[in-house]
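Undergrad: Chains as they are written, first to last, in our numbering: chain U, 1 to 115; chain H, 1 to 112. Pasting in a structure now, in structure tokens, and then I'll have a few things to ask.
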Amino acid sequence: AQSVTQLGSHVSVSEGALVLLRCNYSSSVPPYLFWYVQYPNQGLQLLLKYTSAATLVKGINGFEAEFKKSETSFHLTKPSAHMSDAAEYFCAVSGPSAAGNKLTFGGGTRVLVKP
Amino acid sequence: GAGVSQTPSNKVTEKGKYVELRCDPISGHTALYWYRQSLGQGPEFLIYFQGTGAADDSGLPNDRFFAVRPEGSVSTLKIQRTERGDSAVYLCASSSDDGELFFGEGSRLTVL
């Protein structure tokens, strides 16, 4: 069985400040890990994914995440927040397959960016 | 269009009624997925199609829920005897062989 825990359902950051969204996972098999972003009234969009290659993964819009097996974590960061980063972010895990089928999602973290 | 299309975008129905939600995947994508997102929660897996067949329907909550994909393209999620607890956003996604999922904007179902 797999599960994902996202610490903090809401995060507020100032424009230009570091964005840090926490994700911890549980998986009985080597995981594939994903971060998705959901803007209001839009579908989920893939930010980045970890598929057992480099542990530091760079994604779109300046985001990156680091896979730490010893901590079972996959935290998402962005050095400098922009107003356009206001959205809900979901961490997800799947089994050891390139396919993202049967993703297990965390509860999401809503990011508010203050001017 | 180039993306995953879901209709209707909003559906309000009464308890006990039958509902159909449609998903039109990206052309050429062989895999299609349905997820359900309740308010304040992350999406939950419902069912996964590879071609015309349901490869994994372990997420369907009960036998009131059923999904089909008769020609390996468009899929319909069917909910019988709707209950207030079925109110959620139903998300559809499709993927090609490389596995990245592309999500539609969802169908918001409200059961009164």
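The C-beta atom is built at its ideal place from N, Cα and C for all residues, glycine as well. For clarity, every value in this text was computed on a predicted model and none was experimentally measured.
1. Using beta-carbon positions only, say whether valine 89/H and glutamine 50/H come within less than 7 Å of one another.
2. Use the C-beta contact count for alanine 99/U: other C-beta atoms within 10 angstroms, 16 or more gives buried, fewer gives exposed.
3. Which residues of chain U have a Cβ atom closer than 9 Å to the Cβ of glutamate 105/H, listed in chain order?
4. Using 10 angstroms around the beta-carbon of lysine 17/H, count the other beta-carbons present and answer buried if the total reaches 16, otherwise exposed.
5. In the structure shown, what three-state DSSP assignment does glycine 53/H receive?
6. Between tyrosine 36/U and leucine 21/U, what straight-line distance do the alpha-carbon atoms span, to the nearest angstrom?
7. Taking just the CA atoms, how far does lysine 114/U sit from leucine 18/U?
8. Using the beta-carbon count (16 or more within 10 Å), is glutamate 14/H buried or exposed?
9. Taking only beta-carbon atoms, is lysine 102/U less than 7 Å away from chain H?
10. Just checking: is the beta-carbon of histidine 10/U within a distance shorter than 7 Å of some beta-carbon in chain H?
11. What three-state label does DSSP hand glutamate 20/H in the structure shown?
12. Taking the alpha-carbon positions, what's the valine 111/U to glycine 8/U distance?
13. For my contact list, aspartate 72/U and glutamate 64/U are in at a C-beta cut-off of 8 Å; report their separation, rounded to the angstrom.
14. Consult DSSP for lysine 78/H and reduce its assignment to one of helix, strand or coil.
15. So which residues of chain U does valine 4/H contact, with C-beta pairs closer than 8 Å?
16. Measure the CB-CB distance between leucine 77/H and glycine 59/H and report whether it falls below 7 Å.
17. How would you label aspartate 97/H, buried or exposed, when you count the other beta carbons within 10 angstroms and need 16 or more for buried?
18. With 8 Å as the limit, tell me which residues of the segment 43 to 73 of chain U have their beta carbon closer than that to any beta carbon of chain H; keep them in chain order.
19. Just the Cα atoms here: how many angstroms apart are glycine 59/U and leucine 48/U?
20. Any beta carbon of chain U sitting closer than 7 Å to that of glycine 53/H?
21. Quick one: is glycine 28/H near chain U, going by C-beta distance under 7 Å?
TA: Well, looking at it:
1. no
2. Only weak support exists for where alanine 99/U lies, its pLDDT of 47 falling under 50; the coordinates are left without a value.
3. Asn41, Gln42, Gly43
4. exposed
5. strand
6. 12 Å
7. 12 Å
8. exposed
9. yes
10. no
11. strand
12. 10 Å
13. The amino acid occupying residue 72/U in the given sequence is threonine; aspartate does not appear at that position. About 18 Å separates the two Cβ atoms, so there is no contact after all.
14. strand
15. Gly43
16. no
17. exposed
18. Gly43, Leu44, Gln45, Leu46, Lys49
19. 5 Å
20. no
21. no
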